[in-house]
DNA sequence: CCCGCATCTCGTACGGCGTACGACTAGTAC
DNA sequence: GTACTAGTCGTACGCCGTACGAGATGCGGG
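Structural data, given as structure tokens:
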């Protein structure tokens, strides 16, 4: 029945009516509207007014679609250039990443992608380049970049887990009892004083942690941790003695 | 919510073929064997030789089961006591967390829990306590603890994403082309030299980053960042001048 | 002209998932 | 006995990703 009715319809031109980019766009739209849980192949297709299985011509599977979404969104927010000073450069890169995740909370559910896209490479390249003026070995520069990346990712994730609306996060029933019983006096001090919690939030927490890490990197830069191997770029020798 | 232990007026427990703990045990067993993707209520029930819906008497829903699993596993690996020296104390705590995630990779898929259980509270309490000898304000101690937590979480997650088997992670097709085209010379240097990558792996990366962060905290401790407010515990005044 | 052929769309179906609902059973209290 | 309750579980609903293959459309060559 449905077949006869469908066959009766006049010529629709399915020729190139759907493109890969449209699929990715629709997925991003859906993610922004309904979050990660609201994304499904059926919903994407419905949003496009298209059969579900039509998507699979343009995209191998859901996994690949998520890869494309990730690259699209991350690529939309990369720094064009960074200053020469490594400290402000790294801080800018870190803040850009923070902004990215803050603006797209669902990104954290998408991020566990084993395949690195172009934008990730660009980010790494940019970060390494930003450390050129440090006068450290390649290995040490990699360490600096990695520790910063890890910190930002972890910070964003922990924020994502505990929404940090000034109010301490929800506690399990057992945890509430133990807290009321006075088993955690130090934490109780925070929970009792909302201003303490609030002061840490409001993105102050991120900046403080960022400063701590940059200080730690600076220790490596100024102290004698540098190996005087050939890995150092000429003309960038430190002036401070070891 | 389960009606398990409430209204124990007629104090008897006659029907005890299945218990809450058994359900959690089975879930953990399944997670260890098949990973996060292999966990489902049906499988847990099957593993217990029990009807699927029987689980729901002891557990509200899948979400609560995951909460319990998380608390169980994390609780199994907490430090009993930590040394007085804040630096080694924090390092030990961080390494314990790393070990925890390394030993239970699926934990990272379970960790996004909005509800903090007892063990998380214990961890926070322990961390704050470990910073007692720093002579910093409460806020600064919280910053130190948070930045370390965030780093560990991010490090573990990024490792989870890119399995780090000495070999650089998989690249998307487009990324490979761009790399071959010489668009990322700095990264290419790493990819070309497997030893560089390898040297960073093998858990050396974690220790290096950890040292950087501890150095950064130490900067805050030794420099004049301390506010001489009443938040400082008596008898723990710093000796160094501000 | 028609005919293959590549390109693209999509209906149907399968096996999985979490869980709402309510029937059923067994043990206790009266 | 009857009444009640704690605990078990079969069935069903509405989701999900996607394998399969049939159908539609345009194009180049006979």
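Chains as they are written, first to last, in the working numbering: chain L, 40 to 281; chain C, 40 to 281.
For every residue, glycine included, the Cβ atom is placed at its ideal position computed from N, Cα and C.
Note that the structure is predicted; figures quoted are calculated from it, not measured.
### Query
Which of helix, strand or coil does DSSP assign to residue 104/L?
helix
### Message
Whole angstroms are fine: how far does the CA of residue 253/C sit from the CA of residue 277/C?
### Response
Any answer about residue 277/C is weak, because its pLDDT of 38 lies below 50 and its placement is not dependable; what the coordinates show is given next. Going from the Cα of residue 277/C to the Cα of residue 253/C covers about 18 Å.
### Message
I'd like to know if residue 80/L contacts chain C, where contact means its C-beta is closer than 8 Å to some C-beta of that chain.
### Response
no
### Query
Among the residues of its own chain, which have a CB less than 8 Å from the CB of residue 196/C, if the five just before and after it don't count?
147
### Where residue 70/C falls: helix, strand or coil (DSSP)
helix
### Message
Less than 8 Å between the beta carbons of residue 158/C and residue 98/C, yes or no?
### Response
no
### Task
Could you check how far apart the C-beta atoms of residue 154/C and residue 106/C are, in whole angstroms? I think they sit under 8 Å.
6 Å
### Task
For residue 74/C, collect the residues of the same chain with a Cβ closer than 6 Å to its Cβ; drop the 5 residues on either side in sequence, then sort them by chain order.
145
### Query
Residues bridged to residue 210/C by DSSP?
155/L
### Query
In the structure shown, what three-state DSSP assignment does residue 87/L receive?
helix
### Task
Return the CA-CA distance between residue 247/C and residue 182/L, expressed in angstroms with no decimal places.
7 Å
### Per-residue burial, residue 219/L [other beta carbons within 10 Å of its own, 16 or more giving buried]
exposed
### Message
I need the DSSP call for residue 248/C, collapsed to helix, strand or coil.
### Response
helix
### Task
Answer yes or no: does any C-beta atom of chain L fall closer than 8 Å to that of residue 137/C?
no
### Task
Using the Cα positions of residue 255/L and residue 215/C, report the straight-line distance between them to the nearest angstrom.
34 Å
### Query
Residue range of the alpha helix (DSSP H) that residue 96/L falls in?
94–97
### Task
Taking residue 201/C as the query, report the chain L residues whose CB atoms sit under 8 Å from its CB, ordered along the chain.
153 and 155
### Task
Compile a chain-ordered list of the residues in the stretch 111–141 of chain L whose CB is closer than 8 Å to at least one CB of chain C.
none
### Message
Judging by CA-CA distance, which residue of 122/C, 167/C and 227/C is the nearest neighbour of residue 177/L?
### Response
227/C
### Task
Can you tell me the Cβ-Cβ gap for residue 125/C and residue 172/C, rounded? I've got them flagged as a contact below 8 Å.
5 Å
### Proximal residues of chain C, C-beta to C-beta of residue 64/L below 8 Å
Within 8 Å Cβ-Cβ: nothing; residue 64/L doesn't reach chain C, min ~18 Å.
### Task
Spatial neighbours of residue 262/L within its chain, please: CB distance less than 6 Å, with the 5 preceding and 5 following residues excluded, ordered by chain position.
none
### Message
Let's see if you can read the secondary structure: which residues bound the alpha helix (DSSP H) around residue 122/C?
### Response
Neither: residue 122/C is in no alpha helix (DSSP H) and is coded neither H nor E.
### Message
Using 8 Å as the threshold, is the C-beta distance between residue 164/C and residue 225/L below it?
### Response
yes
### Query
Would the beta-carbon of residue 100/L fall within 8 Å of that of residue 194/C?
no
### Task
Using a Cβ cut-off of 7 Å, pull out every chain C residue sitting near residue 208/L, in sequence order please.
153 and 155
### Between the CA atoms of residue 251/L and residue 260/C - distance to the nearest angstrom
11 Å
#### Entry: Span of the alpha helix (DSSP H) around residue 193/L
177–200
#### Entry: Selected residue, minimal CA-CA separation from residue 151/L, among 184/L, 122/L and 108/L
108/L
### Query
Counting contacts by CB-CB distance shorter than 8 Å, is residue 211/C in contact with chain L?
yes
### Query
residue 122/L to residue 110/L, Cα distance in whole Å?
25 Å
### Message
Cutting at 7 Å between CB atoms, please list the residues of its own chain near residue 77/L, excluding the five before and the five after it.
### Response
69
### Pairwise C-alpha distance: residue 92/L and residue 140/L
31 Å
### Message
Just verifying my parser: in three-state terms, what is the DSSP assignment at residue 272/C?
### Response
A caution first: residue 272/C carries a pLDDT of 40, below 50, which makes its placement in the model too unreliable to give a value.
### Message
Let me see if you follow: with CB-CB separation under 8 Å, is residue 259/L close to chain C or not?
### Response
yes
### Query
Which one of 64/C, 134/C and 187/C has the shortest CA to CA distance from residue 87/C?
64/C
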